[in-house]
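Residue numbers (full-length UniProt numbering): 1 to 406. Report on the structure given below.
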């Protein structure tokens, strides 16, 4: 079977790692206490960031536990220029959150708010959910997101700015940071800057994934909680302590469906000690429990791979980092197997991963989706169920769909 684009089935061809045109990563210290060293939790070398770039876009994914403060963080970390270059093809790889729920929560918990500044606002979907009468501003690094937001929501003020090194912060009753703080190189300094630049009556809403629930929400996922673009892997304790260190007092806490931990904080004149002493042992045990769970999951996914024929054609749904981890952590791409990758994200369509072409689902016609010879591997944990349903709607026989996670 060939597809309508002219692309056919291709073997996995991993190019040798080549020197990139710029420094992609550098050795770093703990983003909280600035200590070095610590306990290595996971380390995978020679990972490729999305599409083929002649073997130049390779990096090391290493996560460490700081035995001085309990922070879990990625080290080495991406340089600013390296991150921009590597993540150009990220597209829709990092999920979706419900803006309506967020707006309703703000209106309920902070009814006095009349102006909102959203940092890392994306296309402004969250801000666009507020009723008339609010002054709304969104800051975003990605130019494409800013342009898209201005078209969708002309009443919102969008500013494109490097949020790693911001130059201005407009005053607002509420500042929101949804799943963005964990991406920053220096989150503590960023929170301190916010505290310095905002008025004493402003409030801060922060939402991050937390280590406390990693086993529950990411346990089976071989890509998992230690996400590649996350610099900091917070726990509830390390987030609250970092906010306190930066001059923010937490007023409200909320665990969300999925792995989200949301806090609402107010400025405080001096650092408030949230506990006499950090329970480092508990933080380390949480981290190690998740690492063990992830290692068990890799073995289970390998067991599924072991049941596959050593040759034949396999369609992979998913062109993100999960597929790269499959290549580094399992033997899926060994033998005489041939592959084609499909992905709904138009940013990835037309590119290649280790010589395997990526196309949109529309590249296959109904007869090809309904072929009795088709074998489809779902390369995702979080979206496995929804992808399965989409495949069935396309006419794929459920018995021909390979789910890596039970």
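A virtual CB, placed ideally from N, CA and C, is assigned to each residue, including glycine.
Residues that DSSP places opposite residue i in a beta bridge
i	result
residue 160	140
residue 267	248
residue 48	58
residue 64	40, 73
residue 357	352
residue 253	263
residue 312	337
residue 108	Answer is none; residue 108 lacks a bridge partner.
residue 403	378
residue 347	Answer by DSSP bridge pairing: none, since residue 347 is not bridged.
residue 371	For residue 371, which the question treats as bridged, DSSP gives no partner whatsoever.
residue 208	261
Coil, strand or helix - residue i by DSSP
i	result
residue 340	strand
residue 394	coil
residue 381	coil
residue 307	coil
residue 298	helix
residue 407	Not covered by the structure: residue 407. The range shown for the chain is 1 to 406.
residue 240	helix
residue 9	coil
residue 132	coil
residue 388	helix
residue 16	coil
residue 171	coil
residue 203	strand
residue 29	coil
residue 116	strand
residue 291	helix
residue 225	coil
residue 190	helix
residue 330	coil
residue 275	Model confidence at residue 275 stands at a pLDDT of 48, short of 50, so the residue's coordinates are unreliable and nothing is read from them.
residue 232	strand
residue 215	helix
Span separating the alpha-carbon of residue i from that of residue j
i	j	result
residue 227	residue 294	13 Å
residue 387	residue 317	8 Å
residue 210	residue 167	29 Å
residue 158	residue 329	41 Å
residue 22	residue 29	21 Å
residue 408	residue 269	The requested residue 408 does not occur in the structure, where the chain is confined to residues 1 to 406.
residue 371	residue 397	9 Å
residue 312	residue 125	43 Å
residue 332	residue 303	10 Å
residue 306	residue 186	42 Å
residue 134	residue 122	19 Å
residue 100	residue 395	33 Å
residue 45	residue 233	19 Å
residue 236	residue 212	7 Å
residue 275	residue 204	Because the pLDDT of residue 275 is 48, which lies under 50, any placement of that residue in the model is unreliable, and the number read from its coordinates should be weighed accordingly. In a straight line, the C-alpha of residue 275 is about 21 Å away from that of residue 204.
residue 76	residue 127	34 Å
residue 222	residue 201	43 Å
Supposed close pair residue i, residue j - CB separation, criterion 8 Å
i	j	result
residue 381	residue 220	6 Å
residue 64	residue 82	Residue 64 to residue 82, Cβ: 19 Å. No contact.
residue 58	residue 42	At roughly 17 Å, the Cβ-Cβ gap does not stay under 8 Å, so residue 58 and residue 42 are not in contact.
residue 119	residue 163	6 Å
residue 160	residue 143	5 Å
residue 26	residue 79	6 Å
residue 110	residue 66	About 33 Å separates the two Cβ atoms, so there is no contact after all.
Is the stretch 8 to 15 touching the stretch 280 to 289 in the sense that three or more CB pairs, one from each, lie closer than 8 Å? Short answer: they don't touch.
At a cut of 8 Å, does the stretch 248 to 261 reach the stretch 331 to 351 through at least three beta carbon pairs? Touching, no, given that fewer than three Cβ pairs across the two stretches are closer than 8 Å.
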